[in-house]
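Number of protein chains: 4
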Amino acid sequence: MYKIGIVGDGYTAADLLRLLAGHDEMEVVCILSTENVGRRVDALYPQLTGFTDLVCEESNLDNLIGRCDAVFLALPHGLSAVMAMELLPAGIKCVDLGADFRLKNAALYERYYDKIHEAPELLQEAVYGLPELYREKIRGTRLVANPGCFPTGAILPLAPLLTQGLLQAEGIIVDSKSGVSGAGRTPKQSSHFCEVNEGIHPYGVGTHRHGPEIAQELGFAAGRPVEMLFTPHLVPMNRGILTTIYARVQPGVKAEAVHEVLEEKYRGESFVKILPDGVMPHTKWVYGSNILQIGIYADREKDRVILVSALDNLTKGASGQAIQNLNLMLGITEGKGLNFPGVHP
Amino acid sequence: MYKIGIVGDGYTAADLLRLLAGHDEMEVVCILSTENVGRRVDALYPQLTGFTDLVCEESNLDNLIGRCDAVFLALPHGLSAVMAMELLPAGIKCVDLGADFRLKNAALYERYYDKIHEAPELLQEAVYGLPELYREKIRGTRLVANPGCFPTGAILPLAPLLTQGLLQAEGIIVDSKSGVSGAGRTPKQSSHFCEVNEGIHPYGVGTHRHGPEIAQELGFAAGRPVEMLFTPHLVPMNRGILTTIYARVQPGVKAEAVHEVLEEKYRGESFVKILPDGVMPHTKWVYGSNILQIGIYADREKDRVILVSALDNLTKGASGQAIQNLNLMLGITEGKGLNFPGVHP
Amino acid sequence: MYKIGIVGDGYTAADLLRLLAGHDEMEVVCILSTENVGRRVDALYPQLTGFTDLVCEESNLDNLIGRCDAVFLALPHGLSAVMAMELLPAGIKCVDLGADFRLKNAALYERYYDKIHEAPELLQEAVYGLPELYREKIRGTRLVANPGCFPTGAILPLAPLLTQGLLQAEGIIVDSKSGVSGAGRTPKQSSHFCEVNEGIHPYGVGTHRHGPEIAQELGFAAGRPVEMLFTPHLVPMNRGILTTIYARVQPGVKAEAVHEVLEEKYRGESFVKILPDGVMPHTKWVYGSNILQIGIYADREKDRVILVSALDNLTKGASGQAIQNLNLMLGITEGKGLNFPGVHP
Amino acid sequence: MYKIGIVGDGYTAADLLRLLAGHDEMEVVCILSTENVGRRVDALYPQLTGFTDLVCEESNLDNLIGRCDAVFLALPHGLSAVMAMELLPAGIKCVDLGADFRLKNAALYERYYDKIHEAPELLQEAVYGLPELYREKIRGTRLVANPGCFPTGAILPLAPLLTQGLLQAEGIIVDSKSGVSGAGRTPKQSSHFCEVNEGIHPYGVGTHRHGPEIAQELGFAAGRPVEMLFTPHLVPMNRGILTTIYARVQPGVKAEAVHEVLEEKYRGESFVKILPDGVMPHTKWVYGSNILQIGIYADREKDRVILVSALDNLTKGASGQAIQNLNLMLGITEGKGLNFPGVHP
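Residue numbers (this note's numbering), protein chains in the order written: chain A, 1 to 345; chain B, 1001 to 1345; chain C, 2001 to 2345; chain D, 3001 to 3345.
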């Protein structure tokens, strides 16, 4: 039984606790907080009543070192880097659910996150935590940068196609639609019920921090820079991201090849499912699960392809994927604790 | 054209502006704010783009006296009383959308609102603004206490029945279900999207401030104290209150008399509609309108009656009723600016 | 590994499949349908992609007898009785998720369900499937009548209090609020999105079929007939039932005794949780789980008690409870496949 | 007072009745139906209680000719053409809210609507009812093809830019997100509450009928064929369409010119509003209103522009625009009955 610490008490922390309640090789031994120290976790999250007796502890290193084999860092950006710098030398493996280790380029991080990076020396060591793309590297690392929720939905459909040269690397459009839990648990007007319910709108147009993250990984996949536009929208629902991707196939490539390549790439994967021809995903079909579904529409006349992916932003888009990563890092079966379908309806 | 001031910039203020955009005898000349001074109203509420050029001004008396014939006070409790004390002597009529003048008993106010009442001498003068019950008094007053949203939905069905002695005054159950806009625009966890959407729960059980307000008015109607239990619930929708009321008829009263009495009481009213036998109201049917619908189920065997009312908490439950009141106070046709159906679906 | 059949392909069947995907002592070997014969289950319910290869088969006894150890009957009322009559003699244990065996009185069944009961001789044998009340009987039976979703939420809080004589058996009000999945998967206007979303309304006032079911069980608990009024409401959410119950304590009973009795009754139960004083349940806290939460408000002055319960209508209110029952019937650990928290947010 | 007939009793008919309740130069004298003949309109749509005493009549020409000056045809495609053929010669002006007269090319109609066009001779006479583009033609016609809801949101932002040559006519992406009322009132699984709520998904990818309609009008605006991809998505809300459009500016065109051109084109329009720089529209801001809002993001580096529009699909996307058109056709002030803001929150 591995001893696990969780740093942070927001929605991703709660989803870690939900998932780890059914994991028989990891035991959460502590949860650290800044605002809720001394409160029972099941008072914060009454859905956990009967599943945990943990009480939030102060967010400092002493509460982790010596007690944990591994730690999930579920913190606002900027805070994970400092913690990881101390935890790693103490032999504690880290999965960072925040943004600190996602961008390989510290200057880009500083531009998009308005912060000096505190541990740039760890950026090369950190492995970007998409198991379906970087499984072996994840197995061997002590530090995983868990991907952003939007990037997970954009990269998994596109990366194999760019790697194999099926798509043009220019003019890719990523139009994403997200549930509100991605905005976290702290009350603010933009996630106030009456400002969200019964409406849809875009946000962060041209400036969202997940844009450079997607571009970085697509560039790695393509072997050269990719020109891409990313626009997120807020949808009145709790969970789920639908990503609609528009791209052009390379001259001479048949549109149906797109389906074949993705089918082959993800055959055997438990958590990425290519839907049959003519079926497009629905976020309801992955609600609460660690699964990403991909639908493909290939327009032969126009040499266009439309890829649509659906995932649960808190699970495959955050906490589920984090557990999938830590399973790999600790040598546990990759899907442990994650093999269940979504809750529908 | 009467010159109107609005004090406050929350959802009830926004609904006043929506409704007054179509009112041809009232013109909003100023809106006062504390947090948004200097901002255009249509930047705060972009649904008003093209309908107003007003800019929020500082919340002080100088911005009202000499400019306004009447003022809507849409303020947190405690603040209206102080303002009304100054506005009334300056000849400005006031409709208070807050709670300061609803309870006739200052001690009860102090117990439920945790505040010393600043203008107890105005309590007897203030008229409780239910036009269907107090029309003549409202016509003659300079100060209206606009009813709470829950009380409006509970009192209108019950009062005529208590007045005419059809119902027992003990054991009345008022089980209300409200949309989230009743909680206002200030972000807080209890109205954070993800904490509300896809769930329902009660709140303020046994302690909600609208309890004594309902009891007061039912007592006036019955001519003696009424024993009543009020429980509000939060429903994942923006607007609407459904109130389910359980009461016993007096011995010897036939259950069907309930329908007759309500039908007769509200015949000719534009904003209270008794639904046909067998039809129960739906909050969607009054969405955005000033109408309250009432459905009646009379259980002959058990001498029980179930009354169900539906209203829009921001309109008949607040801003629409406030305009209805001010129309009366100013001698304008009562329904001016309010005669339109709800938006459905 | 027990071999399990499911008859029906609606939402409760889908929830059985979701839950049984994680059950290591039951294997679903067939699913029977009338409208979808020949279709893959994961085409009907794409959330199950990767979890089942089952194809819907025709709904006849030959597809069950000889293949199954036990069967879940998830059928419209009237159809289960006929099936059970044949399955039981063939040695197949049955859990009926429909209404056919819930009412002990065939005449009452015929009045509320407009059908002659086809197997009245089984009514006494059938055990009402509330494990927390009838655990031993369930262990010993071959036929369980799985309770209705509303009755589960009303009976579990009330029964122990009536049994121990704390509450008056007259004037009990059960005001329930349900998500829409309770209405099933067949499209109809009353569950058409635009007719439900952004509104709340009552339905079946005074006539809902779960009324006599609740009354029956409360009567058994009290040892005498109970006078009770049940009113359901439809809430714009997928899952969840909140039940607000109003009752009077017996003269001389202290209101706080209510908390003690329920706390003691359900201590040690995995699936019924009494919330701490001052905390009221929220359906979101049990979303997708098999747990029922109960909150208690005792009004000392008025000798009134308000009990509020929350459950997931498809899980503890249907499929989860059905599995809990079959676990007992088959001698499997009662909570097998059901021990996980709800999905929140 | 013009006498108006409405043919059809779906959601667009209901929205016509809502809007015409406040129109003092049009009076609805009859409403025709197939399924609800003999039923009161306010029994079908209780939100209209107190606003109409109309009873649905049989859907035949005799109920219109001689009684009406103008008719709104709110019918499934294929049925309007036949009716218009008879009504026009009888001197009755027609606004068709269906699809029969939108496509100028009968062959394209037949391909996308799977029907032989019954009145191809009227196709050239019919005016496409976008008043902001075709105002003078609408004034002079007796037959208006009211635009589809998606096309309204796509064409109004794009057409002026194509006409003035600012945008490339290739590679335009139109990614639309719609509320559910666009699917009409007839129950079906795709608009069943539980299949829609808490999820988002695309539909009709590559095949939706509004695709050729958008392409036709963009082609007219550009003066040559436009290569465009249209993808609609279903959002869990009643009303509203958000359209996110991706296009490239022509070489040499500065991205900021896009804002200027749209600002100038729509200055003075009551129902099209260009939002300030940096503000993107939200469908909530136009809920229930006849207004379309447009936000613009110009990416200088990439020579890309993102246009986002929001409208209410039943109002500016259907019934409101139909009234705007008929106002013009009858010589009434264009905005009569339509000058009110949206309902928010």
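Glycine included, each C-beta is placed from N, C-alpha and C at the ideal position.
Handout entry: C-alpha distance - residue 2278 (chain C) paired with residue 1232 (chain B), whole-angstrom precision
Key = 15 angstroms
Handout entry: Partner residues on chain B for residue 3048 (chain D), Cβ-Cβ distance less than 8 angstroms
Key = 1341
Handout entry: Closest residue to residue 3032 (chain D) among D:3183, D:3016, D:3006 (Cα-Cα distance)
Key = For residue 3032 (chain D), the nearest C-alpha among the options comes from D:3006.
Problem - Straight-line gap, residue 1140 (chain B) to residue 1125 (chain B) (C-alpha atoms, nearest Å) - result: Taking the straight line joining both Cα atoms gives about 10 angstroms.
Exercise for the section: Measure the CB-CB distance between residue 3084 (chain D) and residue 3119 (chain D) and report whether it falls below 8 angstroms. Expected result: yes
Problem - Residue from C:2075, C:2303, C:2228, C:2040 whose Cα sits closest to the Cα of residue 2176 (chain C) - result: C:2228
Exercise for the section: Using only alpha-carbon positions, find the residue among D:3213, D:3300, D:3238 that is nearest to residue 3250 (chain D). Expected result: D:3300
Handout entry: Beta-bridge pairing of residue 1267 (chain B) - partner residues as DSSP gives them
Key = Per DSSP, none; premise fails for residue 1267 (chain B).
Problem - Cβ of residue 233 (chain A) within 8 angstroms of any chain D Cβ - result: yes
Exercise for the section: Throw me the rounded Cβ distance for the residue 1078 (chain B) and residue 1100 (chain B) pair, which I believe falls under 8 angstroms. Expected result: 7 angstroms
Handout entry: Short Cβ contact (8 angstroms threshold) for residue 3345 (chain D) with residue 1238 (chain B)
Key = yes
Practice task
Measure the C-alpha to C-alpha separation of residue 1323 (chain B) and residue 1134 (chain B) and round it to an integer number of angstroms.
Solution key: Between residue 1323 (chain B) and residue 1134 (chain B), the C-alpha separation is close to 15 angstroms.
Exercise for the section: Using a Cβ-Cβ cut-off of less than 9 angstroms, give me the residues of the stretch 3015-3029 of chain D that come near chain A, in sequence order. Expected result: none
Handout entry: Euclidean distance between Cα positions of residue 1262 (chain B) and residue 1106 (chain B)
Key = 32 angstroms
Exercise for the section: Flag this pair as touching only if the stretch 2158-2168 of chain C and the stretch 2213-2229 of chain C have three or more C-beta atom pairs under 8 angstroms; answer yes or no. Expected result: yes
Handout entry: Cβ of residue 3191 (chain D) within 8 angstroms of any chain C Cβ
Key = yes
Practice task
Compare the C-beta of residue 2325 (chain C) against all C-beta atoms of chain D and say whether one is closer than 8 angstroms.
Solution key: No, residue 2325 (chain C) does not count as interfacial toward chain D.
Exercise for the section: For residue 3283 (chain D), I'd like the list of residues in its chain whose CB is within less than 6 angstroms of its CB, leaving aside the five on either flank, ordered along the chain. Expected result: Within the same chain, 3240, 3242, 3310 come within 6 angstroms of residue 3283 (chain D) by CB-CB distance, once the 5 residues on both sides are set aside.
Practice task
Just the chain C side, please: which residues come within less than 8 angstroms of residue 1244 (chain B) by C-beta, in chain order?
Solution key: Result: 2175, 2202, 2231, 2233.
Practice task
Measure the Cβ-Cβ separation of residue 1206 (chain B) and residue 2297 (chain C) and say whether it is below 8 angstroms.
Solution key: yes
Problem - Rounded separation between residue 1059 (chain B) and residue 1321 (chain B) - CA only - result: 23 angstroms
Problem - Contact with chain C by residue 1111 (chain B), beta-carbon distance below 8 angstroms - result: no
Practice task
Starting from the C-beta of residue 1203 (chain B), find all residues in its chain whose C-beta is less than 8 angstroms away, skip the five residues before and the five after it, and write them out in chain order.
Solution key: The residues are 1190, 1232, 1233, 1234.
Problem - C-beta atoms of residue 1337 (chain B) and residue 1019 (chain B) nearer than 8 angstroms - result: yes
Practice task
Look at the alpha carbon of residue 3144 (chain D) and the alpha carbon of residue 3130 (chain D), and state the distance between them as a whole number of angstroms.
Solution key: Spanning the two alpha carbons is a distance of roughly 9 angstroms.
Problem - Option nearest residue 1128 (chain B) by Cα separation, candidates B:1156, B:1115, B:1116 - result: A check of alpha carbon separations from residue 1128 (chain B) across B:1156, B:1115, B:1116 identifies B:1156 as the nearest.
Practice task
Output, in chain order, the set of chain F residues within a Cβ distance shorter than 9 angstroms of residue 3045 (chain D).
Solution key: No chain F appears in the structure shown, which is made up of the protein chains A, B, C and D.
Handout entry: Cβ-based neighbour list, residue 290 (chain A), same chain, cut-off 6 angstroms, excluding 5 preceding and 5 following
Key = 271, 315, 316, 320, 338
Exercise for the section: Note down, in chain order, every chain C residue with its Cβ under 7 angstroms from the Cβ of residue 266 (chain A). Expected result: Chain C residues near residue 266 (chain A): none, gap ~11 angstroms exceeds 7 angstroms.
Handout entry: residue 3270 (chain D): contacting residues in chain B (beta-carbon distance under 8 angstroms)
Key = 1050
Handout entry: Per-residue contacts from residue 3197 (chain D) into chain C (C-beta, under 8 angstroms)
Key = 2180, 2193, 2197, 2236, 2237, 2238
Practice task
List in chain order: all unbroken beta strand (DSSP E) runs of 3+ residues lying wholly within the stretch 3228-3255 of chain D.
Solution key: 3228-3234, 3241-3248
Problem - Member of C:2067, C:2063, C:2069, C:2041 whose CA lies at the smallest distance from the CA of residue 2056 (chain C) - result: Nearest C-alpha to residue 2056 (chain C) among C:2067, C:2063, C:2069, C:2041: C:2041.
Problem - Cβ shell of residue 2343 (chain C) (< 6 angstroms), same chain only, five flanking positions each side left out - result: 2287, 2288
Handout entry: Residue burial classification, residue 1136 (chain B) (beta-carbon count within 10 angstroms, cutoff 16)
Key = exposed
Problem - 8 angstroms Cβ cutoff, residue 2188 (chain C) in contact with chain D - result: yes
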